[in-house]
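First the structure, in the form of structure tokens, and then the observations on it.
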Amino acid sequence: MTNLYKYYAEFKNRFLLSLTAWLATILVSYFYKETILFLILEPSFQDANQNLLYFIFTNVTEIFAVYFRIIIFLGNHTLIFFTLYHTILFISLGLYKSELKNIAFLAKTSLGVFIISIFFFNKLLLPLSWNFFLSFQSFSFLKSLDLYFESKLNEYTTFYITSYYLCVTYCQLFVLLISFCKYIINNLIQIKQYRKIVYFSFLFISTLLTPPDIISQIILTINIILIYELLIYSLIFQITTKKLKH
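At position 76 of the sequence shown (counting the first as 1) the number is 76 in UniProt numbering, and the numbers step up by one without a gap.
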């Protein structure tokens, strides 16, 4: 019962630490809510042809709802990171050193991929998607007719957060790919047999991630395939060099 109580006390303390970090992030984000909102809106203004772009709100409580949503959005990041961190620390005492090294490597890789996916989303994917959809507001063959787009602020934040989660989730698939490195090396024949299926899955992911533009889908698919092949060949090279040394 004593050991069980110790586990319960440790679990409770780690839960309280994660909850405190979540509340602290929400509190700090509230004081910088205007800056955070500007950073979320900034990718939509990267095109010089969108100087007239503006956002409207049709409800007196809409601005407050938008601020509340982005504050919770940032707070959830802290909650997820602290939960994963304390979970690893909680189970680390029951793991072998090799297992702990593998988990630490995957955690660092996941963090690196997460940071890269944020820059990829804000600097490339979101502006590309935004410009693609806005390109339909004017008629190239009929100069006298234009469609004027008035974006609602809450709809844009919904679009941003949904697209952000999709991008980050799909980018984390590379971490799952790395986690199966040993399986890939030990089953190279099966990897060759199912290569077409893997490529098709990459194309499917690119279709879900990019706007309905064939060029964007092809570019992203090619990049994912190149990363996949480079990973496979780098692993083969590492295994070969280790065998030659021994």
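Quick reminder that beta carbons are idealized off the backbone N, C-alpha and C, glycines included. Computed from a prediction, not measured in an experiment: that's the story for all the values here.
Inter-residue spacing [alpha-carbon to alpha-carbon] between residue i and residue j
i           : j           : result
residue 123 : residue 115 : 12 Å
residue 152 : residue 195 : 44 Å
residue 251 : residue 81  : Only positions 1 to 246 of the chain appear in this structure, which leaves residue 251 out of reach.
residue 48  : residue 227 : Annotation note: pLDDT 45 at residue 48 (below 50); position unreliable, coordinate value reported separately. Going by the C-alpha atoms only, they are around 32 Å apart.
residue 234 : residue 25  : 40 Å
residue 23  : residue 45  : 31 Å
residue 73  : residue 160 : 11 Å
residue 250 : residue 193 : Here the chain comprises residues numbered 1 to 246, so residue 250 is not present and cannot be evaluated.
residue 175 : residue 216 : 23 Å
residue 8   : residue 79  : 20 Å
residue 158 : residue 165 : 11 Å
residue 203 : residue 32  : 39 Å
residue 205 : residue 107 : 23 Å
residue 19  : residue 86  : 12 Å
residue 229 : residue 163 : 27 Å
residue 96  : residue 103 : 11 Å
residue 98  : residue 218 : 39 Å
Run of the alpha helix (DSSP H) containing residue i, from where it starts to where it stops
i           : result
residue 113 : 97-120
residue 194 : That residue, residue 194, is in no alpha helix (DSSP H); it is neither H nor E in DSSP.
residue 60  : Counting along the chain, residue 60 falls outside any alpha helix (DSSP H), and DSSP gives it neither H nor E.
residue 165 : 153-171
residue 33  : 33-41
residue 129 : 126-134
Proximity winner among the options, relative to residue i (alpha-carbon distances)
i           : options               : result
residue 214 : 154, 161, 128 and 232 : 128
residue 83  : 174, 21, 131 and 104  : 21
residue 43  : 176, 167 and 130      : 130
residue 54  : 32, 163 and 154       : 154
residue 39  : 203, 118, 168 and 224 : 118
residue 41  : 27, 67 and 24         : 67
residue 221 : 69, 200 and 230       : 200
residue 150 : 79, 165, 133 and 164  : 133
residue 37  : 18, 63 and 203        : 63
residue 167 : 208, 108, 14 and 241  : 208
residue 56  : 204, 78 and 156       : 156
residue 29  : 162, 75, 58 and 61    : 75
residue 109 : 179, 162 and 96       : 179
residue 121 : 225, 171 and 34       : 171
Environment of residue i [buried if 16+ CB atoms lie within 10 Å]
i           : result
residue 197 : exposed
residue 125 : buried
residue 224 : buried
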